[in-house]
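Those protein sequences? They're chains S and Z, same order as listed. The first sequence begins at 76 in our numbering and counts up one residue at a time. The second sequence begins at 17 in our numbering and counts up one residue at a time.
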Amino acid sequence: GDSVTQMEGPVTLSEEAFLTINCTYTATGYPSLFWYVQYPGEGLQLLLKATKADDKGSNKGFEATYRKETTSFHLEKGSVQVSDSAVYFCALTGVSGGYNKLIFGAGTRLAVHP
Amino acid sequence: GAGVSQSPSNKVTEKGKDVELRCDPISGHTALYWYRQSLGQGLEFLIYFQGNSAPDKSGLPSDRFSAERTGGSVSTLTIQRTQQEDSAVYLCASSLERGATYEQYFGPGTRLTVT
């Protein structure tokens with residue numbers, strides 16, 4: 076079945092450092108890809124998405140490009156802030172099992188210190 | 017407008033008791049989803065509603081778990097004869113319609129602890 080693999084955390088960075096969180100997926104057909112973020116004490120929020128190959132999703136300085144050839148959707152940000160400290164989840168909805176459920180990676184905790 | 021709300025926010029119950037978890041989706045959202053977030057299993061899909069029907073129940077872990085949705089709005093997830101492995105945060109999400117182009121909005125979750 077469909078699955079998502081993302082790099083284990085925690086990731087610890089200094090403020091203004093460059094961030095990459097790797098995400099790869101296994102799916103039949105052409106899934107849509109998402110990054111969700113969970114800030115401390117808050118619910119899951121959609122950060123960005125891409126619905127077809129070569130699409131780039133972007134929001135709040137974060138970017139991710141849908142790479143079909145490498146089945147990847149890596150999250151990047153050029154300069155992280157303390158306020159970016161959160162848990163980041165890569166996810167897909169795909170053909171197998173329908174388009175109506177999200178399949179999540181295990182999550183990557185990011186800690187940014189001043 | 018109001019987001020997805022869930023109640024209770026926390027629930028502690030004894031092993032073997034039944035519990036009901038409630039989800040109020042965003043008004044007008046036809047699709048509703050339940051997920052579970054636990055330390056051992058991460059974020060897992062449980063069940064999906066379109067209107068009042070549940071075309072995908074594939075994630076319910078056992079027959080102790082059931083869910084219903086009434087009036088195309090409120091949903092209740094019921095766990096019978098709770099076990100310690102049921103301890104988790106139960107998340108509800110809703111979207112305007114089914115399909116990947118429609119964002120799923122998540123509630124704050126219900127933290128269930130089975131003692």
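For every residue, glycine included, the Cβ atom is placed at its ideal position computed from N, Cα and C.
Short-range partners of chain S found in the region 93-111 of chain Z, where Cβ spacing is below 9 angstroms: Listed in sequence order: Leu107, Ala109, Ser111.
Minimum Cβ-Cβ distance from Ala83(Z) to chain S less than 9 angstroms: For Ala83(Z), no Cβ of chain S is located within less than 9 angstroms of the residue's own Cβ.
Neighbour flag for Gly84(S) against chain Z, beta carbons, 9 angstroms: no
Euclidean distance between Cα positions of Asp159(S) and Pro85(S): 13 angstroms
Buried or exposed (CB count within 10 angstroms, at least 16 for buried), Ser74(Z): exposed
Proximity test, Cβ basis, 9 angstroms: Arg127(Z) and chain S: False, the Cβ-Cβ gap to chain S never drops below 9 angstroms.
Rounded C-alpha distance that separates Lys143(S) from Cys98(S): Cα to Cα, the separation comes out at about 12 angstroms.
CA nearest to the CA of Ser23(Z), picked from Asp79(Z), Asp34(Z), Tyr106(Z): Comparing Cα positions, the closest option is Tyr106(Z).
CA-to-CA distance, His188(S) to Val157(S), given in whole angstroms: 6 angstroms
Contact with chain S by Val90(Z), beta-carbon distance below 9 angstroms: no
The region 78-96 of chain S contacting the region 180-187 of chain S, beta-carbon criterion three pairs below 8 angstroms: yes
Minimum C-alpha distance to Ile178(S) - residue among Val130(Z), Arg127(Z), Ile95(Z), Tyr49(Z): The shortest Cα separation from Ile178(S) among Val130(Z), Arg127(Z), Ile95(Z), Tyr49(Z) belongs to Tyr49(Z).
Candidates Ala116(Z), Ser111(Z), Gly87(Z), Glu84(Z): closest to Phe122(Z) by CA position: Minimum Cα-Cα distance from Phe122(Z) among the listed residues Ala116(Z), Ser111(Z), Gly87(Z), Glu84(Z) corresponds to Ser111(Z).
First and last residue of the uninterrupted beta strand (DSSP E) at Val162(S): Note, Val162(S): beta strand (DSSP E), 161-168.
Whole-angstrom distance between Leu55(Z) and Ile34(Z), CA atom to CA atom: As written in the sequence, residue 34(Z) is Asp, which differs from the Ile given in the question. For Asp34(Z) and Leu55(Z), the distance between alpha carbons rounds to 22 angstroms.
Same chain, Cβ closer than 6 angstroms to Val90(Z), neighbours up to 5 away in sequence not counted: Asp40
Paired residues, beta bridge with Ala125(S) - DSSP: Partner(s): Leu108(S).
Phe81(Z) - partner residues in DSSP beta bridges: DSSP output for Phe81(Z) lists Ile95(Z) as bridge partner(s).
Bridge partners - Phe93(S), DSSP secondary structure assignment: In DSSP, Phe93(S) forms no bridge with anything.
Contacting residues, own chain, Cβ-Cβ under 7 angstroms from Asn134(S) (five flanking each side not counted): Leu122, Leu123
Unbroken stretches of the beta strand (DSSP E), 3 residues or longer, contained in the region 26-51 of chain Z: 26-29, 35-40
Contact test: Arg184(S) Cβ vs the ligand GTP heavy atom, cutoff 8 angstroms: Ligands are entirely absent from the displayed structure, and the ligand GTP is therefore not among its contents.
Whole-angstrom distance between Asn26(Z) and Gln99(Z), CA atom to CA atom: 16 angstroms
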